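Chemist: Here you go, one structure.
Structure representation (structure tokens):
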């Protein structure tokens, strides 16, 4: 693979911020050679934060869950302060959606399908804690994820110029999308197979 010279120069200037991550799911793994830029070895890391999401070398979402749940739990304190000051319920709900829910559901279509049950329960515990403070029922993580998934999937399926539009191929019946073939559970729990299954599970809903 050829690497642009300007990219190498830019990376060498920011070597301390440049990280290497290896995704290798083979049974027999050979340790790859260290990546060097102008004689300096790039640090190899097991996880890395990219666009607000923690990506792990095993493509699990536990580290990302830990980071988001921790941030959401810290913000529960401010929700309690508002409750102590006897603010109205609708204001508390608005604060929760803007400050806490927005953190937990950031880029949720990307990682939700691949989350373990334990990770999902950690998110749900934060939601239940917020419900006790506010005193009303809040949308579950499953509900939010389903809505976001449907919105994103329908947008892609209708946009013929989207690079992944071809993954949403309608069957001859015109009522369902063609299921994506997945050889691994890891792929099956990624966004596009999940999105196709979700769309196919909707009854009497226009695509």
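Numbering (the numbering used here), first residue to last: 629 to 835.
C-beta: ideal position from N, C-alpha, C; glycine also.
As the structure is a computational prediction, the values presented were derived from the model and not from experiment.
1. Would you please state the rounded distance, in angstroms, between the beta carbons of residue 762 and residue 717? I believe it to be under 8 angstroms.
2. Could you pull out every residue in the same chain whose Cβ sits closer than 8 angstroms to the Cβ of residue 724, ignoring the five residues on either side in sequence?
3. Would a C-beta distance cut-off of 7 angstroms place residue 805 and residue 828 closer than the cut-off?
4. Closest by CA to residue 681, which one among 674, 645 and 693?
5. According to the Cβ coordinates, are residue 699 and residue 727 closer than 7 angstroms?
6. Would DSSP call residue 751 helix, strand or coil?
7. Check whether the Cβ of residue 659 lies closer than 7 angstroms to any Cβ atom in chain B.
8. Straight-line CA distance for residue 705 to residue 711?
9. Would you check whether the ligand GTP has a heavy atom nearer than 6 angstroms to the C-beta of residue 756?
10. Is the separation between the beta-carbon of residue 821 and that of residue 808 shorter than 7 angstroms?
11. Just reading off the beta strand (DSSP E) that residue 675 is part of, what are its end residues?
12. By Cβ distance below 7 angstroms, which residues in the same chain neighbour residue 747 in space, the five residues on each side in sequence not counted?
13. Going by other Cβ atoms of all chains shown within 10 Å of its Cβ, with 16 needed for buried, is residue 742 buried or exposed?
14. Can you tell me whether DSSP reads residue 810 as helix, strand or coil?
15. Buried or exposed, going by whether 16 or more other CB atoms sit within 10 Å of the CB of residue 785?
Modeler: Quick look at the numbers:
1. The residue labelled residue 762 in the question sits at position 134 within the chain shown. The residue labelled residue 717 in the question sits at position 89 within the chain shown. Yes, residue 762 and residue 717 are in contact; Cβ-Cβ is about 6 angstroms, under 8 angstroms.
2. As a first step, residue 724 is located in the chain shown; it is residue number 96 there, counting from the start. Closer than 8 angstroms at the Cβ level, and outside the excluded window around residue 724, lie 707, 758, 762 and 766.
3. Here residue 805 corresponds to residue number 177 of the chain shown, with the count starting at 1. Here residue 828 corresponds to residue number 200 of the chain shown, with the count starting at 1. Cβ atoms of residue 805 and residue 828: closer than 7 angstroms.
4. Taking the first residue of the chain shown as position 1, residue 681 is located at position 53. With distances taken between Cα atoms, residue 681 lies closest to 693.
5. The residue you call residue 699 lines up with position 71 of the chain shown. The residue you call residue 727 lines up with position 99 of the chain shown. No.
6. Taking the first residue of the chain shown as 1, we reach residue 751 at position 123. Note: residue 751 maps to helix in three-state DSSP.
7. Here there is only one protein chain, and chain B is not present.
8. In the chain shown, counting from the first residue as 1, residue 705 sits at position 77. In the chain shown, counting from the first residue as 1, residue 711 sits at position 83. Approximately 10 angstroms between the Cα atoms of the pair.
9. In terms of ligand content, the structure shown is empty, and the ligand GTP therefore cannot be addressed.
10. Translated into positions along the chain shown, residue 821 becomes position 193. Translated into positions along the chain shown, residue 808 becomes position 180. Yes.
11. Position 47 of the chain shown holds residue 675. Here the beta strand (DSSP E) through residue 675 covers 675–678.
12. For this step, residue 747 is matched to residue 119 along the chain shown. Closer than 7 angstroms at Cβ, skipping near neighbours: 689, 690 and 693.
13. To locate residue 742, count along the chain shown from 1; it is residue 114. By the 10 Å Cβ count, residue 742 comes out buried.
14. Translated into the one-based positions of the chain shown, residue 810 becomes position 182. Note: residue 810 maps to coil in three-state DSSP.
15. Within the chain shown, numbered from 1, the residue matching residue 785 stands at position 157. Under this definition residue 785 is a buried residue.
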